[in-house]
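Take any residue in the sequence shown, count from 1 to its spot, add 5: that is its number in our numbering. By construction, the Cβ of each residue, glycine as well, lies at the ideal position given by its N, Cα and C atoms. Quick caveat: nothing in here was measured; it's all calculated off a predicted structure.
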Amino acid sequence: MKTETKPFEIGLCSWCLHHIEAPAIVSALQHFHLRVVHLALGPLAQLPPQEQTHAIMQFEASELAISCGMVGFPGENYSTLKTIHDTGGLVPDATFEERFGLAMACGRIAHSMGLTQISTHAGFIPEQRERAAFDKLRDRLARLADEYAKMGLALLFETGQESAETLVTFLKALNRPNVGVNFDPANLLLYGKGDPVAAIATLAPYIRHVHAKDAKVHRPAPVEATAWRGVETPLGQGDANLAGVIAALRQHGYRGPLVIEREAGHDRIADIQAGITFLQTAL
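Laid out in structure tokens, this is it:
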């Protein structure tokens, strides 16, 4: 399976168009004249063994390069900041073992495909002063990172649900060489966790993969503490300052792909195509 990408090569997240079958994903990437895909592994994990093997062979026969796998968790509720705080990632006790099992199943699939890294939302990372919660999540993610290391996989946490400073503090406490960051500039705005360009300077040593996503900040900010701080937009129409993000990534030595993630909108195909054009111009 191809995994190598050119510096700042444009790619697409497989889940943007709700495609879960290998031929549909391959066809969608061909439609956009793209080669790089950030692949959701959950759909593969749900297939019976024979069908799973067949799907993997279809990916291997294609010209796609899988820059990263992705593990998403059933039951995550993104309705409000509170619902995702309560249901996100590997934080909730009630779903931890089941989700850990899914993450392991996806890790085994990634290993069999020759992938090198998997991204996920860890869940809301507590501040270090919240010692018990901080240590519990650190131990859970250390366990997953160690299992992934045995399979030659890096574990990437997606940005947004905490500030860059909080994430770095956590990564240092985790202290695992195979742990890094999937940098999503829009998420920082959507969760109200800081300026994307400034965050790159803080997170640069850990950034191994990047989503190209944009968001417009609500002004004035919502009164409700549980309300989203912004709304996702097509690339170039929000406040993420993607030109500045690209410049900062270059300055700090990032050499990976820019993978478009478009999860909202009424015409995602048009938005993705416009996003490709935007990035080609920005690069």
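Runs of alpha helix (DSSP H) with 4 or more residues, each lying fully within the segment 187-224, are found at 190-195 and 201-208, listed in chain order. Three or more Cβ pairs closer than 8 angstroms define a contact, and the segment 91-98 falls short of that threshold against the segment 32-52. Between the alpha carbons of Lys198 and Cys18 lies a distance of about 23 angstroms. Counting along the chain, Gly77 sits inside no beta strand (DSSP E), nor does DSSP assign it H or E at all. Burial check for Ser67: the Cβ neighbour count within 10 Å reaches 16 or more, so the residue is buried. Counting C-beta atoms within 10 angstroms of its own C-beta, Arg224 has fewer than 16 neighbours from the protein chains shown and is therefore classed as exposed.
Beyond the five residues adjoining it in sequence on each side, Leu86 comes within less than 6 angstroms, by CB distance, of Thr231 in the same chain, given in chain order. In the DSSP assignment, Val236 is bridged to Lys221.
Under the three-state reduction of DSSP output, Ala279 falls in the helix class. Under the three-state reduction of DSSP output, His126 falls in the coil class, being neither helix nor strand. A contact is defined here as three or more CB-CB pairs under 8 angstroms, and the segment 212-228 meets this definition with respect to the segment 183-202.
With respect to Gly112, Met156 sits close: the two C-beta atoms are nearer than 8 angstroms. Annotation for His38: no beta strand (DSSP E) segment contains it, and DSSP assigns it neither H nor E. Leu288 is classed as exposed because its beta carbon has fewer than 16 other beta carbons within 10 Å across all chains shown.
Fewer than three pairs of CB atoms, one per stretch, sit closer than 8 angstroms, so the segment 129-139 makes no contact with the segment 48-62. For Ile25, no beta strand (DSSP E) run applies, since DSSP gives it neither H nor E. Bounds of any alpha helix (DSSP H) do not take in Leu95, whose DSSP letter is neither H nor E.
Per DSSP, the beta bridge partners of Val184 are Leu160.
Apart from the 5 residues on each side of it in sequence, Arg260 sits with its Cβ closer than 6 angstroms to the Cβ of Pro12 in its chain, given in chain order. Scanning its chain for C-beta atoms nearer than 8 angstroms, with the 5 sequence neighbours on each side dropped, one finds around Gln242 the residues Asp219 and Lys221, in chain order. Look at Gly16 here: in three-state DSSP terms it is strand. With fewer than 16 other CB atoms across the displayed protein chains lying within 10 angstroms of its CB, Arg148 is exposed. Taking C-beta separations shorter than 6 angstroms and ignoring five residues to either side along the sequence, the partners of Gln57 in its chain run Leu49, following chain order.
Excluding sequence positions up to five before and after His43, its CB lies within less than 7 angstroms of the CB of Gly16, Cys18, Ser19, Ser72, Cys73, Met75 and Val264, all in the same chain and listed in chain order. Going by DSSP, Leu52 is part of no alpha helix (DSSP H) at all; its letter is neither H nor E. In this structure, the straight-line span from the alpha carbon of Thr121 to that of Gln55 is close to 23 angstroms.
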